[in-house]
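Below you'll find the structure, written out as structure tokens, and then a few comments.
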Amino acid sequence: MSHLIIGLAAGLLAGAIAGWLVARSAKSKKTGDEAEKAKHEAEEIRRQADIDAKTVARDAEIVARESKIKALAEVEKEQKQVKEEAKRNDERFRQREEILEKKKDLVTNKEVELSKKEAGLERTERGLGEREKKIEERLEEARLTVERKAGMSRDEAKKELVLQITDEARRTAAIQIKQIEDEAKEESENRAKRIVGIAIQRYAGEHVQERAVTVVQLPTDDLKGRIIGREGRNIRALEAATGIDLIVDDTPESVVISGFDPVRREVARLSLEKLIQDGRIHPTRIEEIVAKAQQEVNKIIKESGEQAILELGLARVHPEMVKMLGRLKFRYSYAQNVLRHSVESGFIAGLMAAELGINVRKARRAGLFHDIGKAMSHEVEGSHASVGAQFARKHGEEPLIINAIAAHHEEEPPTSIIAHLVAAADALSGARPGARREMLESYVKRLEAIESICQSFPGVDKSYAIQAGREVRVLVENTRVSDEESLLLARDIANRIETELTYPGQIKVTVIRETRAVAVAK
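168 is the number of the first residue of the sequence shown in my numbering; add one for each residue after it.
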């Protein structure tokens, strides 16, 4: 319709334009022929415009009809699609209704079946209850019969059966435990020996350390008088400045230094040697020399502690720990230098830790600091292990290191493998041949005491202290001591030796029991 209106408007516009052109042409003509000609042309143009307008109107009407037809076709198509979709939906709804009906029928059938099964189960339960009741009655009759024949009540029989089963289980468990213990002991001993052997082989330390110097040699005996001074003022000044005692006796060309503090004793030794070299011995000079000696000893202490820490490759150590560690340089245990013993224990603990696959640096640190309490045990009450642990805790050491220090003499229970390694390293360092020395007289007395303790036990025939007193072999009478008793005897002897004697390292007790059968062939 819109196309038709547009075509008519175009025709009218064309006619108007043609009329205007004709009118304009007519005005411009001056003669009648020209006017007639122009009129004729105008009519021709109007006629042609009418024809064009009709053509355009017809085309527009055709286009409008086609558009209407297309629109009707599209509407019919959409209506058809809607009808088909509605038909499909109806079909789906119908199918769902059929499925629901079938499910409803199935549920109904199952409910009927369940009802039947429940009824059957009820009947079965009633039958089982009756059977169970009959079985209980028969069991009660059988129990009463058994009790009459056996002369035992039900509880007594149950207790007897439990006891038998318990005894059998205990015997079986004891056998298995014994096998497991033997296997574990054999495996642990072999592995421990291998680890200790590797650690000892890999560490090559000095076997014998120098003894503590307590005697200062003099060039001449004349210096004794100068050391004493007029009315003893020089020796009193030296003793007051160093805190130790000087013993000047009839021993030729020597002065004995006596004091419990090894650091003060070292200061006194250096001071006395410097005074002897200087030759000027009077109270003022003594104070100056002692102050210089004190500075030198403090420097030596610091350098010794730092050197030990550097040697073991440790880091982040508190300065007070370094200082206290350096003081061990002047302490000795059975002529073994405690600082070198600590360094050696650190190395051995680290080597064993490496074999076991645990932290090597922590093992070395614990081994190095395990005897640090010996540097202050004369100043603080308590054993050197507990004192050292308190000192380490005060200066920021971690709990694992603190426990290793406190537990290396079994004063506290160990809480880590490193604590056990430190105790083992301490024993290894002190027990190695040549690590510690003692005087011949005390050594002989200790051997005699070990053998005397062994002989005091009943059933002991002979005892021999061997390996420089590190082991004792005890021979027992096989008629008085059994194999089981020999284990207890070895433990009792070891406990008594540990309680009554003082010795370096450890002592192994071996009890030997043998049975000999003798026959003579003639």
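Even for Gly, the Cβ is constructed at its ideal location relative to N, Cα and C.
Backbone CA spacing between residue i and residue j [nearest angstrom]
i: Ile525; j: Ile620; result: 41 angstroms
i: Ala286; j: Thr333; result: 47 angstroms
i: Arg683; j: Gly672; result: 35 angstroms
i: Ala542; j: Gly563; result: 18 angstroms
i: Arg457; j: Val434; result: Before going on, a small fix: residue 457 reads as Val here, not Arg. Distance between the alpha carbons of Val457 and Val434: 7 angstroms.
i: Gln343; j: His575; result: 33 angstroms
i: Arg498; j: Ser623; result: 37 angstroms
i: Ser583; j: Val383; result: 47 angstroms
i: Asn504; j: Leu495; result: 8 angstroms
i: Leu295; j: Glu335; result: 37 angstroms
i: Glu579; j: Tyr610; result: 31 angstroms
i: Arg560; j: Ala520; result: 23 angstroms
i: Arg663; j: Val627; result: 15 angstroms
i: Lys197; j: Ala205; result: Annotation note: pLDDT 47 at Lys197 (below 50); position unreliable, no value reported.
i: Ala635; j: Lys466; result: 39 angstroms
i: Ala475; j: Pro625; result: 50 angstroms
i: Thr291; j: Lys269; result: 32 angstroms
i: Arg263; j: Asn276; result: 20 angstroms
i: Leu171; j: Glu201; result: In this prediction, Leu171 scores a pLDDT of 49, lower than 50, which makes its location untrustworthy; no coordinate-derived value is stated.
i: Lys284; j: Glu308; result: 35 angstroms
i: Arg378; j: Arg432; result: Low confidence applies to Arg378: its pLDDT is 45, below 50, so where it sits in the model is not reliable, and the reading given next is rough at best. Going by the C-alpha atoms only, they are around 14 angstroms apart.
i: Asp217; j: Glu245; result: 42 angstroms
Enclosing alpha helix (DSSP H) for residue i [first to last residue]
i: Gln384; result: Premise fails: Gln384 lies in the beta strand (DSSP E), Val382 to Gln384, not in any alpha helix (DSSP H).
i: Lys138; result: Residue numbering for the chain in the displayed model covers 168 to 689; residue 138 lies beyond these limits and cannot be assessed.
i: Val430; result: Pro429 to Asp445
i: Ile525; result: Element bounds for Ile525: n/a, residue is neither H nor E.
i: Val422; result: Unbroken run through Val422 is the beta strand (DSSP E), Ser421 to Ser425; no alpha helix (DSSP H).
i: Gln634; result: No alpha helix (DSSP H) holds Gln634; DSSP gives it neither H nor E.
i: Ile539; result: No alpha helix (DSSP H) holds Ile539; DSSP gives it neither H nor E.
i: Ala657; result: Asp650 to Glu667
i: Asp417; result: Here Asp417 belongs to no alpha helix (DSSP H), and DSSP marks it neither H nor E.
i: Ala686; result: Taken as a continuous stretch (DSSP letters only), Ala686 belongs to no alpha helix (DSSP H), as it is neither H nor E.
i: Val484; result: Val484 -> no alpha helix (DSSP H), and no H or E assigned at all.
For residue i, the three-state DSSP class (helix, strand or coil)
i: Thr677; result: strand
i: Arg498; result: coil
i: Gln246; result: helix
i: Ala592; result: helix
i: Gly629; result: Reading the sequence as shown, one finds Lys at residue 629 and not Gly. Strand.
i: Gln376; result: Here the model assigns Gln376 a pLDDT of 41, short of 50, so the residue's position is not dependable, and the following value carries that caveat. Three-state DSSP puts Gln376 in coil, outside helix and strand.
i: Arg369; result: Low per-residue confidence applies at Arg369: pLDDT is 48, beneath 50, and the placement is therefore not dependable, though the value from the model is reported in the following sentence. Reduced to three states, the DSSP call for Arg369 is helix.
Beta carbon of residue i nearer than 9 angstroms to that of residue j
i: Ala592; j: Glu511; result: yes
i: Ile122; j: Glu638; result: As displayed, the chain neither begins before 168 nor continues past 689, which places residue 122 out of reach and without an answer.
i: Gly493; j: Glu473; result: yes
i: Gly410; j: Gly399; result: no
i: Gly396; j: Pro429; result: no
i: Leu477; j: Gly513; result: no
i: Gly517; j: Arg531; result: yes
i: Ala586; j: Ala533; result: yes
i: Leu405; j: Leu437; result: no
i: Ile402; j: Leu413; result: yes
i: Ala556; j: Asn570; result: yes
i: Ala632; j: Glu667; result: no
i: Leu588; j: Arg528; result: no
Opening and closing residue of the beta strand (DSSP E) in which residue i lies
i: Arg640; result: Glu638 to Val643
i: Asp412; result: Asp412 to Ile414
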